[in-house]
Ligand SMILES: NC(=O)c1ccc[n+]([C@@H]2O[C@H](COP(=O)([O-])OP(=O)(O)OC[C@H]3O[C@@H](n4cnc5c(N)ncnc54)[C@H](O)[C@@H]3O)[C@@H](O)[C@H]2O)c1
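Residue numbers (the working numbering): 1410 to 1662.
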């Protein structure tokens, strides 16, 4: 097992990409802390992990709240005494509210930034304190190709936040490399998760997105698991500050 003995916190793990990663981390031998605002779905993930004979806990967490993140980290350290992996996955996309800059309200900008950039920062800030004490760890931040290429002109706040997350990853990678704390980014493509329901409700739109992808299909939640395990595990011991695309080739065309 590639994550044996590891303690992993996965934010936004109640559904979509985060749930798949939490369940896979557990299958790879990690004990997982499922952190999400959605208690119902988060608890279901924990039940599935436990039913498979692995260790998991749900901690209701709003990553944009300092107190909530403090509680998450204190609970994880209280349960396990360490944090080996922080998988910063929780994010929001506010379709219909996230707009070109001149139309974008400050409320929407703040709402997106609070979850998509402040949230991963708060989680990292607190996890790093523990990782420094224990002598290392791995932080994986889930960004987006909108943050790398600016390819979604209407999604101003989402794209800017995801670009900021890549910058945050790189500065943390440089700052903590000598402390054996690594930080990397995953750039998913167009994945078939609840976040994209607004896009794929119409079959014609779904087909339009699918047909643009060189590998010929939308990504599934399971498609992200391999790169997530690699970056969380010691197999990636010489990788820090990187951005790893997992997108069916869509950024090649
Ligand atoms: N789906 C895609 O095509 C795609 C593409 C690129 C990047 N991403 C990124 O991948 C990550 C996961 O995406 P997904 O498609 O699984 O999304 P999703 O909407 O299906 O799931 C997101 C999860 O995050 C949780 N969450 C939202 N706000 C939170 C908060 N404040 N605190 C804690 N949890 C919170 C939600 O409850 C949900 O369980 C996101 O960061 C997203 O931006 C997704």
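Note that beta-carbon positions come from the ideal geometry of N, C-alpha and C, so glycine has one too.
Coarse secondary structure for residue i, derived from DSSP in three states
i, result
"residue 1507", "coil"
"residue 1479", "helix"
"residue 1484", "helix"
"residue 1445", "strand"
"residue 1649", "coil"
"residue 1597", "strand"
"residue 1621", "coil"
"residue 1591", "strand"
"residue 1547", "strand"
"residue 1575", "helix"
"residue 1627", "coil"
"residue 1469", "strand"
"residue 1642", "coil"
"residue 1454", "helix"
"residue 1420", "strand"
"residue 1560", "coil"
"residue 1662", "coil"
"residue 1612", "helix"
"residue 1502", "coil"
"residue 1531", "helix"
Closest by C-alpha distance to residue i, when choosing among the options
i, options, result
"residue 1632", "1649, 1661, 1614, 1596", "1596"
"residue 1428", "1654, 1538, 1602, 1657", "1602"
"residue 1460", "1445, 1435, 1512", "1435"
"residue 1537", "1504, 1525, 1497, 1432", "1497"
"residue 1578", "1529, 1504, 1432, 1451", "1529"
"residue 1598", "1463, 1573, 1654", "1654"
"residue 1535", "1559, 1484, 1576", "1484"
"residue 1636", "1554, 1501, 1433", "1433"
"residue 1502", "1486, 1571, 1467, 1449", "1571"
"residue 1417", "1467, 1424, 1425", "1467"
"residue 1463", "1451, 1508, 1413, 1506", "1413"
"residue 1556", "1609, 1646, 1660", "1660"
Cβ-Cβ separation, residue j to residue i (assumed contact under 8 Å), whole Å
i, j, result
"residue 1594", "residue 1658", "So it is not a contact: roughly 18 Å between Cβ atoms."
"residue 1649", "residue 1592", "6 Å"
Requested in this report: Decide if the region 1474–1481 is in contact with the region 1454–1464; the criterion is three or more beta carbon pairs, one per stretch, under 8 Å apart.
Outcome: no
Query raised in the report: Would you say the region 1621–1629 touches the region 1548–1558, given that touching needs at least three Cβ pairs under 8 Å?
Result: no
Report task. Taking 8 Å as the threshold, find out whether the region 1435–1442 comes into contact with the region 1557–1564 through three or more Cβ pairs. Result -> no
Report task. Could you tell me whether the region 1512–1530 touches the region 1608–1615, using the rule of 3 or more Cβ pairs below 8 Å? Result -> no
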